[in-house]
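Beneath this line is the structure, given in structure tokens, with notes to follow.
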Amino acid sequence: MDRDLTAVSVPGRVARPGEGISPEELALAARNHGMPLEALRYGLTPPGLHYVLVHYDIPAAEAADWRIGVGGLVRNPLRLGLADLRSYPSVTLRVTMECAGNGRARLSPRPVSQPWLVEAVGTAEWTGVPLRVLLREARVEPGAVEAVFTGADHGVERGVEQDYRRSLPLRVAMGDDADVLVAYAMNGEPLPPQHGHPLRLVVPGWYGMAHVKWLCDISLTDTPFTGFQQSVAYRYRQSADDPGEPVTLIAPRALMIPPGFPDFMSRTRVLRPGRTGLEGRAWSGHAPVVRVEISSDDGRTWHDAALDAPEGGIWAWRHWHTAWTATPGSHVLVARATDADGRTQPLDQPWNRGGFGNNLVQRIPVVCLPEGT
Ligand SMILES: Nc1nc2c(c(=O)[nH]1)N[C@H]1C(S)=C(S)[C@@H](COP(=O)(O)O)O[C@H]1N2
Ligand SMILES: [Mo]
């Protein structure tokens with residue numbers, strides 16, 4: 001007899017003190033890649049360098065056969081193909097997307113899951129139909145409170161067999177804060193397989209888990225969705241029995257392009273004495289970033305970096321730059337973003353059991369060589 005699913009798919013856990021990254025975590029890390037930090041130089045992340053996170057397998061999907069249904073509590077159910085979607089006026093938005101688990105691998109104790117360092121981010125231009133337009137055409141019934149989005153990918157997670165599925169409150173789905181898109185293009189091209197070909201949801205300002213890929217169904221419901229990715233995963237919990245709060249908007253974060261050149265194995269940064277430019281990008285899903293501070297002494301003293309004008313709208317990261325005079329010896333560079341709501345980044349890790357929404361500052365150890373070497 002087959003083993004049941006709970007035997008192949010175990011509950012979530014936190015690593016034991018000193019427990020290294022397991023082969024299972026390595027397998028996830030090899031499938032789900034981050035954005036190399038030097039790619040922070042590009043406002044629009046080049047194809048292939050945007051981070052990727054896929055819970056199960058990339059499903060086989062033919063654009064020509066794809067249909068998306070809009071149903072549930074609606075008066076006029078829809079069933080649309082790609083050509084139908086392309087016939088609506090399109091909207092293009094530049095959106096910075098970040099995985100809610102970004103930074104997880106550095107937490108102590110470490111939640112066992114996709115072991116991101118800090119690079120689970122990317123910015124793309126998404127083109128599609130505002131979800132609001134489809135919901136209006138479907139004539140949502142007054143009793144509806146949420147829209148539930150289903151992806152075509154299937155798997156088992158912590159013993160629960162499922163299609164990847166997430167919901168949004170109707171207010172968010174209707175685009176009260178930002179246009180939510182049913183997107184069929186990324187940077188002007190059809191979506192690549194790993195980013196949801198042929199259709200995905202894009203929810204500006206929200207962590208990645210909300211942007212359902214391989215989108216095949218939208219269903220309006222009169223009760224909040226309680227599926228796995230909503231009520232088990234993606235909650236800020238302190239313990240296994242804590243009901244927690246849902247993970248939603250992206251917390252502010254600044255990242256710096258590591259300066260100098262890296263050692264192959266340790267990736268320690270090496271540079272020569274003198275003035276060196278420091279630059280990077282910063283974003284927040286709550287409000288625009290209004291300040292980036294830099295420290296070259298591991299957070300003891302700070303100075304403000306210059307913020308460049310926003311490029312491509314309010315949902316995309318902002319470029320910042322400053323200069324630093326490197327002196328021989330070891331230094332730790334730190335960058336910290338603050339948004340217009342006054343949210344900023346902690347110097348000590350904010351910990352929760354899933355390792356979500358952790359926006360601890362990035363620390364980059366650098367070694368500056370002696371004069372004349
Ligand atoms: N159908 C489906 N949608 C999904 C996922 C998934 O596994 N299946 N992963 C989510 C998560 S956790 C993230 S962080 C983003 C990643 O999007 P990207 O791979 O295009 O960067 O997709 C989200 N949408
Ligand atoms: Mo994610």
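Take 1 as the starting number for the sequence shown in the UniProt record's numbering and just add one per residue.
Every residue, glycine too, gets a C-beta built ideally from N, C-alpha and C.
How would you call P246, buried or exposed, if buried means at least 16 neighbouring beta carbons within 10 angstroms?
-> P246 is classed as exposed because its beta carbon has fewer than 16 other beta carbons within 10 Å across all chains shown.
Spell out the partners DSSP gives R235 in its beta bridges.
-> The partner list for R235 (beta bridge, DSSP) reads P246.
Buried or exposed for E270, please, with buried defined as at least 16 other CB atoms from any protein chain shown within 10 angstroms of its CB.
-> The sequence as given places Val at residue 270; Glu does not occur at that position. Around the beta carbon of V270, a 10 Å sphere encloses fewer than 16 other beta carbons of the protein chains shown; the residue is thus reported as exposed.
Would you mind giving the Cβ-Cβ distance between V70 and L5, rounded to the nearest angstrom? I have them listed as a contact below 8 Å.
-> With a contact defined as Cβ atoms closer than 8 Å, V70 and L5 miss out at about 31 Å.
Counting Cβ pairs, one atom from each stretch, are 3 or more of them under 8 Å apart for the region 335-348 and the region 219-228?
-> The region 335-348 vs the region 219-228: no contact.
Proximal residues to P190 (C-beta, below 8 Å), its chain only, five neighbours per side dropped | Short of 8 Å from the beta carbon of P190, and not among the five residues preceding or following it, lie these beta carbons of its own chain, in chain order: A63, Y184, H197 and P198.
Simplified DSSP assignment, three categories, for T344 = Note: T344 maps to strand in three-state DSSP.
From P169, L201, S113 and E157, pick the residue whose C-alpha is nearest to that of G143; which is it?
-> Checking every option, the nearest Cα to that of G143 belongs to P169.
Helix, strand or coil for L78 per DSSP?
-> In this structure, L78 counts as strand in the three-state DSSP scheme.
Is P288 helix, strand or coil when you go by DSSP?
-> Coil, per DSSP.
Residue of A282, G103, P273 and V8 minimising C-alpha distance to G205 | Nearest option by C-alpha distance: A282.
What is the C-beta distance between A306 and W320, in whole angstroms, given that I count them as a contact (C-beta under 8 Å)?
-> A Cβ-Cβ separation of about 6 Å places A306 in contact with W320 under the 8 Å criterion.
What does the shell around ligand 2 hold, if a residue joins when its beta-carbon is under 6 Å from any heavy atom?
-> Applying a distance threshold of 6 Å between residue Cβ atoms and the heavy atoms of ligand 2 selects L53, C99, A100, G101, G208 and M209, given in chain order.
Hey, out of A254, R272, L249 and A251, whose CA is closest to G260's CA?
-> Comparing Cα positions, the closest option is R272.
By DSSP, does P11 sit in helix, in strand, or in coil?
-> Under the three-state reduction of DSSP output, P11 falls in the coil class, being neither helix nor strand.
Would A337 pass as a contact of P243 if the rule is Cβ separation under 8 Å?
-> Not in contact: A337 and P243 (Cβ atoms no closer than 8 Å).
CB A15 to CB P109, shorter than 8 Å?
-> Yes; because the gap between Cβ atoms is below 8 Å, this pair is in contact.
A125 versus W317 - alpha carbon distance = Note that residue 125 is Glu in the sequence shown here, rather than Ala. Those two C-alpha atoms are separated by around 12 Å.
What residues are listed by DSSP as bridge partners for Q262?
-> Residue identity differs from the one stated: residue 262 is Pro in this sequence, not Gln. Per DSSP, R269.
As assigned by DSSP and simplified to three states, the class of T150 = Looking at T150 - three-state DSSP - the assignment turns out to be strand.
Give the single residue among R237, A27 and L37 whose Cα lies nearest to the Cα of D57.
-> The shortest C-alpha to C-alpha distance from D57 to any of R237, A27 and L37 is the one to A27.
Give the DSSP-derived three-state secondary structure of M1 in the structure shown.
-> Any reading at M1 needs caution, since the residue's pLDDT is 41, under 50, leaving its predicted position unreliable; the model's value is listed next. Of the three classes helix, strand and coil, the one that applies to M1 here is coil, per DSSP.
Just grab the DSSP bridge partners of Q349 for me.
-> DSSP links Q349 through a beta bridge to no other residue.
Quickly, what does DSSP pair T127 with across the bridge? List them, please.
-> BP columns for T127 point to T92 and A185.
Indicate the three-state DSSP secondary structure (helix, strand or coil) for G208 in the structure shown.
-> Correct three-state label for G208: helix.
Nearest-angstrom Cα separation, counted from P192 out to D153 | So the alpha carbons of these two residues sit roughly 15 Å apart.
heavy atom of ligand 1 below 7 Å from D217 C-beta = Answer for D217: no, Cβ out of range of ligand 1.
Which of helix, strand or coil does DSSP assign to D65?
-> Helix at D65.
When the Cα of L249 is compared with those of I257, R235 and M256, which residue comes out closest?
-> L249 has its Cα closest to that of R235, out of I257, R235 and M256.
If you draw a straight line from the C-alpha of G280 to the C-alpha of V112, how long is it?
-> Rounded to the nearest angstrom, the two C-alpha atoms are 29 Å apart.
Backbone CA spacing between A240 and M186 [nearest angstrom] = Taking the straight line joining both Cα atoms gives about 37 Å.
Q162 and F225 closer than 8 Å at C-beta | Not closer than 8 Å, so no.
How should H303 be labelled, buried or exposed, when 16 other C-beta atoms within 10 angstroms of its C-beta is the threshold for buried?
-> When all chains shown are included, H303 counts as exposed.
Straight-line gap, V332 to E293 (C-alpha atoms, nearest Å) | Spanning the two alpha carbons is a distance of roughly 14 Å.
When we look at the beta-carbon of N76 and count the other beta-carbons within 10 Å, is it buried (16 or more) or exposed?
-> Looking at its Cβ environment, which holds fewer than 16 other Cβ atoms inside 10 Å, N76 is exposed.
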